[in-house]
Amino acid sequence: MTWLRALGLIVRSGLTIERTRLEPLVALRAAAGVATVIGLALWLVSPAYAASAAFGAFSAGTATFQRSWRPRKVLALAAGAGLALSTFLGYLAGAHPVSFLLLLAVWSFGAGMAWAAGSTSGIVAATTIGIMLVTITLPTTVVQALEHAAVIAFGGVVQATLILLFPIRRWGAHRDALACALAAVADYARRLRDDPVAPFAPEPMMTARDAAAVTPWQARRRPAALHGPRGLAERIRPVLASLADPRVGAPAEGPERDRARELLKAAGEVLDAAAHSIRRGTPVRAPSEAMEALRSGEEVLRGPARLAAVRLFDLLREVVETADSGDTHAANAPALVRPTMFRMVPVVLRAMRRELTWDSTVLRHAVRLAGVACLGYLLGNALPLGHGYWVPITSVMVLRPDFHQTYSRAVARFSGTLVGVGLATGVVQLAHPGAYLSGGLAVLSAGLMYLLMRTGYAVSQSFAAAYVVFLLGMGGEEWHQTVRDRVLLTLLGGALAMLAYVVFPAWETPRLLDRLADWLAANGRYAAAVVDSYADPGGGHRAEVRQALLAARKKEAVWDEAFERAKQEPVKHRGLTRSAAQDAYEALKSMGRAAMLLEAHLPGPGVRPVPEAARFAAALRADTARAARDVRERRAPGWERVAAALDAWEGADDGDDPVVRRGAELLLGALEELAAALGTTPLERDVESVREARESRQERPAPEEEAADAADAAEEQELRRGRGDGSAPPPKDVG
3 MTWLRALGLI VRSGLTIERT RLEPLVALRA AAGVATVIGL ALWLVSPAYA
53 ASAAFGAFSA GTATFQRSWR PRKVLALAAG AGLALSTFLG YLAGAHPVSF
103 LLLLAVWSFG AGMAWAAGST SGIVAATTIG IMLVTITLPT TVVQALEHAA
153 VIAFGGVVQA TLILLFPIRR WGAHRDALAC ALAAVADYAR RLRDDPVAPF
203 APEPMMTARD AAAVTPWQAR RRPAALHGPR GLAERIRPVL ASLADPRVGA
253 PAEGPERDRA RELLKAAGEV LDAAAHSIRR GTPVRAPSEA MEALRSGEEV
303 LRGPARLAAV RLFDLLREVV ETADSGDTHA ANAPALVRPT MFRMVPVVLR
353 AMRRELTWDS TVLRHAVRLA GVACLGYLLG NALPLGHGYW VPITSVMVLR
403 PDFHQTYSRA VARFSGTLVG VGLATGVVQL AHPGAYLSGG LAVLSAGLMY
453 LLMRTGYAVS QSFAAAYVVF LLGMGGEEWH QTVRDRVLLT LLGGALAMLA
503 YVVFPAWETP RLLDRLADWL AANGRYAAAV VDSYADPGGG HRAEVRQALL
553 AARKKEAVWD EAFERAKQEP VKHRGLTRSA AQDAYEALKS MGRAAMLLEA
603 HLPGPGVRPV PEAARFAAAL RADTARAARD VRERRAPGWE RVAAALDAWE
653 GADDGDDPVV RRGAELLLGA LEELAAALGT TPLERDVESV REARESRQER
703 PAPEEEAADA ADAAEEQELR RGRGDGSAPP PKDVG
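In the numbering used here, the protein residues as written are 3 to 737.
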């Protein structure tokens with residue numbers, strides 16, 4: 003992508019209003035916290051203290067809107083404490099410019115490294131830099147600095163107290179995450195009716211798993227309906243895929259395919275009903291027709307498809323029972339444990355230590371943030387405009403670890419600031435408000451900012467800018483010193499942040515091959531663990547399969563995020579074209595899908611083992627591990643061991659394992675598609691040999707027709723084996 007096109011997309015993204023679900027009651031509660039703090043401080047102390055307290059209440063309220071599974075009151079308290087500490091330290095060092103600059107650099111670097119613990123930590127940490135820069139101009143003694151720090155912390159306490167007294171949608175975020183996961187599986191079932199190999203995005207399941215991790219205190223108070231359905235949804239997805247896929251499930255045409263479509267439709271309706279029940283906290287109203295169709299769905303189906311239908315009905319019935327009462331075995335499963343806030347400290351420190359590598363996006367962001375904060379502070383003080391802290395404040399609030407968000411936020415912040423400051427200035431010039439009226443206007447601006455936070459960054463920033471203008475006016479700032487200067491300094495701060503990313507970037511595009519290699523290696527371990535389960539049915543491989551699946555899903559999500567970022571960056575990859583990256587993505591998705599189809603029919607104890615599966619799994623592990631190294635080093639991957647193991651399997655095949663044998667073929671086919679995708683790029687070192695091999699393949703007569711006929715014959719033979727006596731073992735859940 004060229005720079006001109008990238009900047010055009012950024013401008014549209016930063017100025018676009020996103021229509022999403024508003025939370026008026028939550029916004030009203032947060033605005034009430036700001037109003038309470040401002041009112042008490044104006045009544046009991048002074049407008050200057052009211053401004054400091056309002057900064058704390060405003061930032062603490064903003065923190066509660068961030069994406070987090072922690073209780074909102076904990077976020078408010080943590081944000082208030084961090085703001086108070088940065089305020090006090092900033093004042094202690096503020097009398098000496100050199101010491102303050104050193105403190106600013108260290109604090110900004112730490113705030114940038116906080117992104118290692120997640121986006122919420124990074125955003126909240128960035129606000130502490132801003133409050134450090136603002137409040138050093140207010141106190142005059144150490145005692146006053148302590149007082150200002152205390153009232154800022156008091157703002158966080160007020161927000162936490164209001165959350166405790168007026169809870170809105172208890173466990174609402176957790177309910178939404180679980181409901182979205184069930185709804186995603188329901189949508190997947192409906193798409194499988196028309197596209198038997200439809201893809202499934204892993205994000206809803208990953209989000210639901212994050213939401214399911216709770217602290218011991220939360221585990222004792224979590225609603226029963228939030229215990230079990232996530233694990234059930236995890237097991238339903240491969241069963242749906244195995245039922246729909248004509249290679250291992252219902253045939254592509256005929257009565258069995260029609261019945262499979264009916265079952266997929268019914269499954270979608272039941273899952274939607276369960277999702278609505280969990281989101282609203284109401285009893286499940288599953289359609290009776292859908293449940294009846296699922297109950298009798300296996301009558302027409304045969305072989306693996308019939309077994310999948312039976313398993314699907316059992317799992318969906320358990321979903322309904324769990325969502326209704328939570329009184330099931332799945333609901334009583336051990337909870338995923340999340341560390342408490344204090345025990346998170348060593349976890350965060352370890353995460354930061356892992357990011358201390360020069361190739362780390364987080365480390366580069368931390369260095370960039372520290373440099374921009376210090377340079378902005380020096381520029382702001384050197385310019386004869388006054389209020390020079392707006393330069394570093396804008397820079398640190400705009401900067402993000404990736405290119406697109408940094409540039410879009412810079413454009414949106416400047417445009418929002420221009421509108422907000424202009425509107426606030428007009429109101430001030432017309433009304434000449436006093437301290438109390440300025441405080442009321444600040445509360446109104448804060449409430450509108452909270453309400454519109456999720457509709458677009460530019461819109462929310464216009465009200466945030468107006469809030470600061472009213473608040474500083476209440477604190478005694480002169481209007482002609484805060485309006486024009488802030489617009490100019492905000493523009494300078496945004497430009498500085500944008501320039502910093504160009505000078506010291508953290509492009510995702512050059513890392514695409516590493517991300518692809520990581521995903522390939524994780525997929526190989528997952529597929530090998532699944533195939534190994536057929537070689538040793540009673541060996542207890544289910545935990546290994548589960549861990550490998552989670553690791554592969556995480557690497558896939560990392561690739562997805564990196565690829566989306568790379569498509570928005572104005573740089574190109576020298577060894578991987580856009581089309582080749584897309585083809586490689588499709589090949590690895592096919593590989594993961596083949597492993598998932600095998601996972602749906604994992605054998606239980608007592609089932610006859612398949613010795614050939616062990617040899618194939620070992621070859622798969624070895625080849626994918628080697629191929630991952632080859633991809634990183636820009637060499638084309640090869641699958642000699644996997645192909646040899648599959649050939650040996652053909653000679654030893656006795657017809658008792660049609661599902662796993664067919665799954666192994668699908669895995670090799672996906673790997674060959676990956677090699678073909680990467681073979682069209684400059685990844686190859688021996689380009690001439692690749693060109694000759696491709697030309698020789700093109701000279702063969704009708705290779706596509708021959709391959710299709712062979713695949714159809716093999717599929718028909720395996721389906722006849724699956725229909726033979728129907729004595730295949732029933733599928734087991736993954737656990």
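Glycine included, each C-beta is placed from N, C-alpha and C at the ideal position.
> Taking the alpha carbon of R636 as the point to measure from, which residue in A646, L514, R664 has its own alpha carbon closest?
Replying inline: Translated into positions along the sequence shown, residue 636 becomes position 634. Nearest option by C-alpha distance: L514.
> At which residue ranges does the stretch 319 to 375 contain complete alpha helix (DSSP H) runs of 4 or more residues, listed in the order of the chain?
Replying inline: 346 to 356
> Between the stretch 303 to 311 and the stretch 203 to 218, do at least 3 Cβ pairs fall closer than 8 Å?
Replying inline: no
> CB-CB under 8 Å to W173, same chain, minus the five flanking residues each way: which ones, in chain order?
Replying inline: Counting from 1 along the sequence shown, the entry for residue 173 is found at position 171. Closer than 8 Å at Cβ, skipping near neighbours: R224, P225, L228.
> Would A246 pass as a contact of G158 if the rule is Cβ separation under 8 Å?
Replying inline: Position 244 of the sequence shown, counting from 1, holds the residue named residue 246. Position 156 of the sequence shown, counting from 1, holds the residue named residue 158. No, these two residues do not count as a Cβ contact at 8 Å.
>> Between the alpha carbons of R259 and R664, how many angstroms are there, rounded?
In response: Walking along the sequence shown from the start, residue 259 turns up at place 257. Walking along the sequence shown from the start, residue 664 turns up at place 662. Each residue's alpha carbon lies about 19 Å from the other.
> Do you know offhand how far W360's Cα is from G428's?
Replying inline: As a first step, residue 360 must be located in the sequence shown, where it is residue number 358. As a first step, residue 428 must be located in the sequence shown, where it is residue number 426. Straight-line Cα distance between these residues: approximately 48 Å.
> Applying the criterion that 16 or more other CB atoms from any shown protein chain within 10 Å of the CB defines a buried residue, is L365 buried or exposed?
Replying inline: Residue numbering aside, residue 365 sits at position 363 when the sequence shown is read from its first letter. With 16 or more other Cβ atoms within 10 Å, it is buried.
> To the nearest whole angstrom, what separates the beta carbons of I170 and V28, a pair I think is in contact under 8 Å?
Replying inline: Your numbering for residue 170 matches position 168 in the sequence shown. Your numbering for residue 28 matches position 26 in the sequence shown. Indeed, because the Cβ distance is near 6 Å, the residues count as touching under 8 Å.
> Looking at the structure shown, is A466 part of a helix, part of a strand, or coil, going by DSSP?
Replying inline: Working through the sequence shown from its first residue, we reach residue 466 at position 464. A466 falls in the helix class under three-state DSSP.
> How is A252 classed by DSSP in three states: helix, strand or coil?
Replying inline: Counted from its first residue, the sequence shown places residue 252 at position 250. Here A252 sits in coil by DSSP.
> In or out: D1 buried (at least 16 other Cβ within 10 Å) or exposed?
Replying inline: Outside the displayed range of the chain (3 to 737) lies residue 1, so it cannot be described from this structure.
> What residues are listed by DSSP as bridge partners for V216?
Replying inline: Along the sequence shown, read from residue 1 onward, the residue named residue 216 stands at position 214. In the DSSP output, where bridge partners are listed per residue, V216 has V339.
> Taking buried to mean at least 16 other C-beta atoms within 10 Å of its own C-beta, is V100 buried or exposed?
Replying inline: As a working note, residue 100 is residue 98 in the sequence shown. With fewer than 16 Cβ atoms within 10 Å of its Cβ, V100 is classed as exposed.
> Whose CA, out of W117, A118, G63, lies closest to the CA of I165?
Replying inline: Locating residue 165 in the sequence shown gives position 163, where the first residue counts as 1. The candidate whose alpha carbon is nearest that of I165 is G63.
> Given a threshold of 16 other Cβ atoms within 10 Å of its Cβ, counted over all protein chains shown, does M115 qualify as buried or as exposed?
Replying inline: Walking along the sequence shown from the start, residue 115 turns up at place 113. The residue is buried, with at least 16 neighbouring Cβ atoms inside 10 Å.
> Do A615 and V547 have their C-beta atoms closer together than 8 Å?
Replying inline: Translated into the one-based positions of the sequence shown, residue 615 becomes position 613. Translated into the one-based positions of the sequence shown, residue 547 becomes position 545. No. Outside cutoff.
> Terminal residues of the continuous alpha helix (DSSP H) containing R637?
Replying inline: The residue given as residue 637 occupies position 635 in the sequence shown. No alpha helix (DSSP H) holds R637; DSSP gives it neither H nor E.
> How should A86 be labelled, buried or exposed, when 16 other C-beta atoms within 10 angstroms of its C-beta is the threshold for buried?
Replying inline: Working through the sequence shown from its first residue, we reach residue 86 at position 84. Buried: at least 16 other Cβ atoms inside 10 Å.
> Where does D753 fall in DSSP's three states?
Replying inline: The structure shown does not extend to residue 753, since the chain spans only 3 to 737, so no value can be given for it.
>> Just verifying my parser: in three-state terms, what is the DSSP assignment at I131?
In response: Counting from 1 along the sequence shown, the entry for residue 131 is found at position 129. Note: I131 maps to helix in three-state DSSP.
> Under a three-way DSSP split, which group does G230 fall into?
Replying inline: As a working mapping, residue 230 is identified with position 228 in the sequence shown. G230: coil per DSSP, three-state reduction.
>> Just to confirm, is the Cβ distance from R239 to Y190 under 8 Å?
In response: For the purposes of this step, residue 239 is taken as residue 237 along the sequence shown, with counting starting at 1. For the purposes of this step, residue 190 is taken as residue 188 along the sequence shown, with counting starting at 1. In this structure, Y190 lies closer than 8 Å to R239 by Cβ.
>> My output table needs one value for E571: the three-state DSSP class, helix, strand or coil.
In response: The sequence position of residue 571 within the sequence shown is 569, counting from 1. Coil at E571, not helix or strand.
> According to the Cβ coordinates, are V312 and A288 closer than 8 Å?
Replying inline: Translated into the one-based positions of the sequence shown, residue 312 becomes position 310. Translated into the one-based positions of the sequence shown, residue 288 becomes position 286. Contact flag unset, no.
> Contact between the stretch 521 to 531 and the stretch 590 to 602: three or more CB pairs below 8 Å?
Replying inline: yes
>> Rounded to the nearest angstrom, what separates E236 and L317 at their Cα positions?
In response: Along the sequence shown, one-based indexing puts residue 236 at 234. Along the sequence shown, one-based indexing puts residue 317 at 315. Taking the straight line from one Cα to the other gives about 10 Å.
> Which residues bound the alpha helix (DSSP H) around H278?
Replying inline: Counting from 1 along the sequence shown, the entry for residue 278 is found at position 276. It spans 257 to 282 - the alpha helix (DSSP H) in which H278 sits, taken as one unbroken run.
>> Whole angstroms are fine: how far does the CA of A95 sit from the CA of V144?
In response: Taking the first residue of the sequence shown as position 1, residue 144 is located at position 142. Taking the first residue of the sequence shown as position 1, residue 95 is located at position 93. Answer to the nearest angstrom: the Cα atoms are 11 Å apart.
> Whose CA, out of A107, G41, A275, L474, lies closest to the CA of L180?
Replying inline: Within the sequence shown, residue 180 is the residue found at index 178, counting from 1. Among A107, G41, A275, L474, the Cα nearest to that of L180 is on A275.
> On the premise that T419 lies in contact with V489, defined as a C-beta separation below 8 Å, what is that separation, rounded to the nearest angstrom?
Replying inline: By one-based count along the sequence shown, residue 489 stands at place 487. By one-based count along the sequence shown, residue 419 stands at place 417. That pair is a contact at about 6 Å.
> CA-CA distance, L242 and A529?
Replying inline: By 1-based counting over the sequence shown, the position of residue 242 is 240. By 1-based counting over the sequence shown, the position of residue 529 is 527. Rounded to whole angstroms, L242 to A529 spans 18 Å at the Cα level.
>> Nearest by alpha-carbon distance to E571: which of T408, K267, T163, W45 is it?
In response: Here residue 571 corresponds to residue number 569 of the sequence shown, with the count starting at 1. Checked all of T408, K267, T163, W45; the closest Cα to E571 is T408.
>> Within the continuous alpha helix (DSSP H) that includes S592, where are the two ends?
In response: The residue you call residue 592 lines up with position 590 of the sequence shown. Per DSSP, S592 belongs to the alpha helix (DSSP H) from 580 to 601.
> Hey, how far is the Cα of W45 from the Cα of V160?
Replying inline: Position 43 of the sequence shown holds residue 45. Position 158 of the sequence shown holds residue 160. So the two alpha carbons sit approximately 16 Å from each other.
> In the structure shown, what three-state DSSP assignment does F67 receive?
Replying inline: Sequence index remark: in the sequence shown, residue 67 carries index 65 (1-based). DSSP places F67 in coil when its eight states are reduced to three.
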